[in-house]
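Visitor:
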Amino acid sequence: MDLSLETRHEGGHTIIEVGGEIDVYTAPKLRDKITELVGNGNYNLVIDMEKVDFLDSTGLGVLVGGLKKVRAHDGSMRLICNQERLLKIFRITGLAKVFAIHGSQADALAER
Amino acid sequence: MDLSLETRHEGGHTIIEVGGEIDVYTAPKLRDKITELVGNGNYNLVIDMEKVDFLDSTGLGVLVGGLKKVRAHDGSMRLICNQERLLKIFRITGLAKVFAIHGSQADALAER
Amino acid sequence: MAAAGAARTTTGISVSIARDPALVRTVRLVAAAVARRASHDEEFVEEVRLAVGEACALLVGETDESANGGPVEVTMRLEDRLRVAVSANGSVAAADPPTSDIDGVEPWALLRGLIEDFDISRAAGSTTLSMSWALA
Amino acid sequence: MAAAGAARTTTGISVSIARDPALVRTVRLVAAAVARRASHDEEFVEEVRLAVGEACALLVGETDESANGGPVEVTMRLEDRLRVAVSANGSVAAADPPTSDIDGVEPWALLRGLIEDFDISRAAGSTTLSMSWALA
Ligand SMILES: Nc1ncnc2c1ncn2[C@@H]1O[C@H](COP(=O)(O)OP(=O)(O)O)[C@@H](O)[C@H]1O
Ligand SMILES: Nc1ncnc2c1ncn2[C@@H]1O[C@H](COP(=O)(O)OP(=O)(O)O)[C@@H](O)[C@H]1O
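Pasting the structure below:
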């Protein structure tokens with residue numbers, strides 16, 4: 017509960033729209049979803065975090081783990097995040113430099 | 017905090033619009049307001065509870081105390097309450113028979 | 005749903021608050037969160053929030069004068085039923101006989117009317133209000 | 005406002021949860037409520053919610069396997085500063101040296117980066133994460 021995951025495929029990318037709280041309780045569900053998608057050959061992921069209310073280091077760990085997985089297949093993982101309070105978490109942990117963070121789906125999909 | 021009180025005078029009645037939670041912490045503020053109004057000669061009160069989210073027995077106690085005060089001056093106290101969860105509290109405690117409970121300000125002010 | 009399954013395992017939370025009326029609403033938040041784990045029926049959640057808040061308010065008392073009476077402890081467990089115990093040591097504002105009158109409101113009327121399984125026990129200067137609800 | 009004044013009196017709440025990841029969000033609710041009593045600055049409230057949730061998550065651990073490790077206790081007090089201690093007995097998922105790597109994320113990075121006054125202490129098989137914030 018309190019984590020919603022919606023998956024769409026668009027122009028060679030797989031977009032996961034995440035809603036709610038990504039924390040120690042819910043992060044495993046996001047990890048399973050990413051594992052499942054990569055297992056099915058989806059190596060270019062876009063994680064849309066616009067509707068995410070909360071993110072802790074367990075959630076960050078799942079994102080980093082996902083990045084490793086797609087890179088192992090020469091894939092990519094882009095994040096969509098506009099919210100200052102989440103961006104701050106990426107900055108503090110140094111992960112803002114690791115992830116390609118975009119302001120909108122259009123932005124994320126436009127980039128080559 | 018989390019209790020809002022707005023007072024208006026209309027057609028011989030004094031309407032107190034209450035918002036938020038009336039509980040053990042905030043009820044004293046409502047009591048003080050009623051005491052102040054009665055002290056200033058306002059004996060016909062209408063307590064509008066449409067925006068009340070929570071009511072406990074401390075709040076009920078303040079309402080009963082207010083009713084006693086206005087009756088001592090041959091006044092009246094009418095309640096406005098539409099919410100089933102609050103009406104249930106009045107029924108359980110037997111206070112639904114003690115108070116004149118109306119569905120709207122128009123209703124409450126129409127009654128002679 | 006995982007959450008519904010998890011609710012059948014014993015899992016618990018207890019909250020201990022200073023005897024400060026402002027903290028009662030925080031306990032209500034916790035009560036609602038625990039109840040919502042057990043059921044998504046908002047009427048049930050509201051009932052638990054009201055009952056736990058009410059029990060807590062009675063033991064906290066309205067004034068800060070009783071602040072030296074020690075904390076009020078609230079324990080919530082999800083097992084076969086949702087079980088809640090609210091207890092306080094020392095002098096308790098609501099420790100008067102159950103016929104007492106606070107501004108005309110019989111203090112136990114609401115809890116007794118609201119909850120089927122409600123019990124008050126007193127031992128060694130401590131009062132415990134126990135209540136439980138069946139899980140749908 | 006009365007609430008602002010009251011925040012200067014020592015008032016506290018402590019929450020003890022079973023080592024169940026689902027209960028961490030309930031602790032965050034409490035943390036946010038306590039922080040909001042101290043300040044209406046939503047950025048401050050969000051920071052406390054994040055930090056307390058993070059500390060709690062680290063001690064609860066991600067799996068239910070550690071459920072027999074005893075409860076995780078969170079104590080929050082409003083005095084000169086907002087002081088929070090999160091502690092757990094027994095084996096603690098995050099008791100590895102602070103250089104450990106969970107899926108590439110250094111577990112203490114977020115807390116250290118977020119909070120000026122942050123401290124980890126270990127004693128007799130128990131870990132306590134202490135943090136505090138100045139009150140505006
Ligand atoms: N919680 C309660 N449960 C049942 N009856 C209550 C409760 N609180 C008050 N009453 C009853 O409500 C009635 C109204 O009390 P009061 O305000 O003194 O008005 P009155 O002037 O009609 O006596 C009283 O008979 C009192 O016993
Ligand atoms: N919480 C963190 N704080 C700072 N740096 C981190 C954190 N988590 C991961 N990193 C760093 O992010 C980088 C990305 O790690 P990784 O996913 O393995 O990608 P890469 O393939 O580039 O090594 C690594 O250098 C790692 O040390």
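Protein chains in written order, with my numbering: chain B, 17 to 128; chain R, 17 to 128; chain G, 5 to 140; chain Z, 5 to 140. C-beta atoms are modelled at their ideal positions from N, C-alpha and C, and glycine is treated no differently.
In terms of residues, what are the limits of the beta strand (DSSP E) holding Z:F122?
Guide: D121 to A127
Visitor: How about the segment 84-93 of chain B and the segment 109-128 of chain Z: do they share at least three Cβ pairs that are nearer than 8 Å?
Guide: Because the criterion of three Cβ pairs below 8 Å is not met, the segment 84-93 of chain B and the segment 109-128 of chain Z do not touch.
Visitor: Taking Cβ to Cβ, would you say G:R29 is nearer than 8 Å to R:D39?
Guide: With contacts defined by Cβ atoms closer than 8 Å, G:R29 and R:D39 form a contacting pair.
Visitor: Which one of G:D84, G:R116, G:A22 and G:V19 has the shortest CA to CA distance from G:L54?
Guide: G:R116
Visitor: Please identify the residue among B:R24, B:L71, B:V114 and B:G28 whose C-alpha is closest to the C-alpha of B:K49.
Guide: B:R24
Visitor: Spell out whether any CB of chain Z is found under 8 Å from the CB atom of G:L63.
Guide: Chain Z places no beta carbon closer than 8 Å to that of G:L63, leaving this residue out of the contacts.
Visitor: Grab me the residues of R:A43's own chain with a C-beta within less than 6 Å of its C-beta, minus the 5 sequence neighbours each way, in chain order.
Guide: Closer than 6 Å at Cβ, skipping near neighbours: T74, G75 and V78.
Visitor: B:A124 and B:R101: beta carbons closer than 8 Å?
Guide: no
Visitor: Does R:F115 come out as helix, strand or coil in the three-state DSSP assignment?
Guide: Note: R:F115 maps to coil in three-state DSSP.
Visitor: Within its chain, find whatever has a CB closer than 6 Å to the CB of B:L53; leave out the 5 residues flanking it on each side and keep chain order.
Guide: T30
Visitor: In three-state DSSP terms, what is Z:A89?
Guide: Z:A89 falls in the strand class under three-state DSSP.
Visitor: Is Z:E46 buried or exposed, if buried means 16 or more other CB atoms sit within 10 Å of its CB?
Guide: exposed
Visitor: Write down every uninterrupted run of the alpha helix (DSSP H) in the segment 56-112 of chain R whose length is 4 residues or greater and which is fully enclosed by it, in chain order.
Guide: 73-87 and 100-108
Visitor: Taking its Cβ as the centre, do 16 or more other Cβ atoms sit within 10 Å of G:S18, making it buried, or is it exposed?
Guide: buried
Visitor: Hey, does Z:R41 have any beta-carbon neighbour from chain G nearer than 8 Å?
Guide: Yes, contact with chain G.
Visitor: Do Z:V64 and Z:R23 have their C-beta atoms closer together than 8 Å?
Guide: yes
Visitor: Would you kindly work out how many angstroms separate the C-alpha atoms of G:V34 and R:G27, rounded to a whole number?
Guide: Going by the C-alpha atoms only, they are around 43 Å apart.
Visitor: What does DSSP give as the partner residue(s) for R:L21 in the beta ladder?
Guide: R:V34
Visitor: Could you name the residues of the segment 92-110 of chain R whose beta carbon sits closer than 8 Å to any beta carbon of chain G, in the order they occur along the chain?
Guide: R101, I105, I108, T109 and G110
Visitor: Could you compute how far the alpha carbon of B:F115 sits from the alpha carbon of B:K104?
Guide: 13 Å
Visitor: For Z:S91, decide whether its Cβ has a neighbour in chain G, counting only Cβ atoms nearer than 8 Å.
Guide: no
Visitor: Cα separation between Z:W137 and Z:V38?
Guide: 12 Å
Visitor: Let me know the secondary structure DSSP gives R:T51 once reduced to three states.
Guide: helix
Visitor: State yes or no: is the beta carbon of R:D123 nearer than 8 Å to at least one beta carbon in chain A?
Guide: Absent from the structure is chain A; the protein chains it does hold are B, R, G and Z.
Visitor: What residues in the segment 14-36 of chain G bring their beta carbon closer than 7 Å to a beta carbon of chain Z?
Guide: T15, G16, I17, S18, V19, S20, I21, A22, D24, A26, L27, T30, L33 and V34
Visitor: With 16 as the cutoff for other CB atoms within 10 Å, does G:E120 come out buried or exposed?
Guide: exposed
Visitor: Please state the DSSP three-state secondary structure of G:T15.
Guide: strand
Visitor: Taking Cβ-Cβ distances below 8 Å as the criterion, which residues of the segment 36-50 of chain R are in contact with chain G?
Guide: E37, D39, V40, Y41, A43 and P44
Visitor: Could you check whether R:N60 and R:S20 sit closer than 8 Å to each other, using their CB atoms as the reference points?
Guide: no
Visitor: With DSSP run on the structure shown, which of helix, strand or coil describes G:E77?
Guide: Looking at G:E77 - three-state DSSP - the assignment turns out to be strand.
Visitor: Examine chain Z for any beta-carbon lying closer than 8 Å to the beta-carbon of G:V88, and answer yes or no.
Guide: no
Visitor: In chain Z, which residues lie less than 8 Å from B:D72 when you measure between Cβ atoms?
Guide: L54, G57, E58, A61 and L114
Visitor: Could you tell me the distance, in whole angstroms, from the CA atom of G:S186 to the CA atom of R:G57?
Guide: No information on residue 186 of chain G is available, as it lies outside the stretch 5 to 140 that chain G covers here.
Visitor: Is there a Cβ from chain R that is less than 8 Å from the Cβ of G:E120?
Guide: no
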